[in-house]
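A.B. asks: For the sequence shown, full-length UniProt numbering begins at 1 and goes up steadily by one.
Think of the CB as a built atom: it goes at the ideal place given N, C-alpha and C, for glycine as much as any other residue.
Note that the structure is a prediction, hence the values are computed from the model and not measured.
Take a look at the following structure, please.
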Amino acid sequence: MTWADQLAVLAAGLGAGILTSTVGVASLLSFPVLVAVGLPPVVANTSNTVGMTPAGLSGSFGYRRELAEHPGVTAAVLVTAAGGGIVGSLLLLWLPGSVFEAVVPWLILGTCVLVGVQPRLSRFLRQHAADDEPRVRISGLTTVFATLTGVYGGYFGAGSGVMMMAVLGLGTDLEFRTVNALKTFAVMASNVVATVIFLAIADLDWLAVGLLAGGSVVGGYVGAHIGRRLPATVLRSLIVVVGIGAAALMLVR
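Right, dumping it as structure tokens:
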């Protein structure tokens with residue numbers, strides 16, 4: 001890579017780190033940059049996952065107050081995202097890259113719609129629920145969808161944060177800022193287990209990994225402070241707009 005390429009990867013890491021802790025579509029920024037500077041797609045994907053792991057770690061640290069509010073939910077998210085991430089990372093190494101390409105943009109679009117309508121849909125579900133108590137635990141169905149989101153996160157990850165927000169937003173009655181923190185924590189958990197696997201058996205570009213990691217660790221922490229301060233309506237709108245834009249870009253590629 002040239003100096004200009006290295007600077008672009010470092011900047012992509014910083015920007016993607018901020019996105020990790022806010023709108024949750026980080027890989028749609030960092031992955032194309034790695035491909036643009038000449039990395040093969042699979043190497044770019046594995047290197048991107050390893051390089052973006054520090055963003056999830058620093059972002060989760062930035063959200064530590066929110067994560068401590070519901071330790072049971074936090075633990076459940078850790079287990080589902082990590083377990084799914086193991087399966088997804090192995091699928092990345094075993095399956096052709098075209099398997100999910102056709103459906104990923106539609107998955108992101110669908111979850112963006114769910115994030116947008118989640119307040120009204122949640123109110124409807126509460127009004128028709130037999131139990132009026134707020135849902136502060138993860139149900140069996142929510143666990144299944146959270147695990148599937150973890151699988152996708154380990155496989156490719158672009159938009160997995162948006163998907164996790166939709167799953168947790170519909171499956172619980174937690175505050176939006178807490179759901180955002182849990183989304184960041186889920187991305188971190190999925191990336192950590194995928195990183196362990198990729199370090200053992202995958203091809204990586206270590207220069208790209210180092211540059212992404214350096215930028216993303218700062219961006220993840222900064223993004224947590226931004227995400228905490230943004231009003232829920234503003235953050236939700238940003239997630240929907242950015243997610244739809246990212247899906248549209250993937251459809252026209």
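Going by C-alpha to C-alpha distance, which of P105, A208, R229, T147 sits closest to A4?
C.D. replies: A208
A.B. asks: Verify the contact flag: M1, CB atom, against every heavy atom of the ligand GTP, threshold strictly below 7 Å.
C.D. replies: Looking at this structure, you won't find the ligand GTP or any other ligand, since it has none at all.
A.B. asks: What is the DSSP secondary structure of D5, counted as helix, strand or coil?
C.D. replies: The answer is helix: DSSP assigns D5 an H, G or I state.
A.B. asks: So what's S139 in DSSP terms, helix, strand or just coil?
C.D. replies: coil
A.B. asks: Between which two residues does the alpha helix (DSSP H) holding I24 run?
C.D. replies: Going by the sequence as given, residue 24 is Gly instead of Ile. No alpha helix (DSSP H) holds G24; DSSP gives it neither H nor E.
A.B. asks: Cα separation between D205 and G38?
C.D. replies: 11 Å
A.B. asks: Considering only the alpha carbon of each residue, which of P40, G110, S47 lies closest to G245?
C.D. replies: G110
A.B. asks: Going straight from the alpha carbon of G153 to that of G85, what length do you get?
C.D. replies: 6 Å
A.B. asks: Using the Cα positions of V73 and L93, report the straight-line distance between them to the nearest angstrom.
C.D. replies: 30 Å
A.B. asks: Please classify G59: does DSSP put it in a helix, a strand, or coil?
C.D. replies: helix
A.B. asks: Under DSSP, the alpha helix (DSSP H) around L93 begins and ends at which residues?
C.D. replies: 71–94
A.B. asks: With a threshold of 16 other CB atoms inside 10 Å of the CB of T2, please say whether the residue is buried or exposed.
C.D. replies: exposed
A.B. asks: Looking only at C-alpha atoms, which of T147, T142, I18, F61 sits nearest to V79?
C.D. replies: Comparing Cα-Cα distances from V79 to each of T147, T142, I18, F61, the minimum goes to T147.
A.B. asks: By Cβ distance, which residues of its chain are closer than 6 Å to V151, with the 5 residues on each side in sequence left out?
C.D. replies: If the five residues before and after V151 are omitted, its C-beta is found closer than 6 Å to the C-beta atoms of G84, V87, G88, all from its own chain and listed in chain order.
A.B. asks: Label T22 either buried or exposed according to how many other C-beta atoms from any shown protein chain fall within 10 Å of its C-beta, with 16 as the threshold for buried.
C.D. replies: buried
A.B. asks: With three or more C-beta pairs closer than 8 Å as the rule, is the stretch 50–58 touching the stretch 178–193?
C.D. replies: Yes, since at least three Cβ pairs between the stretch 178–193 and the stretch 50–58 fall closer than 8 Å, the two stretches touch.
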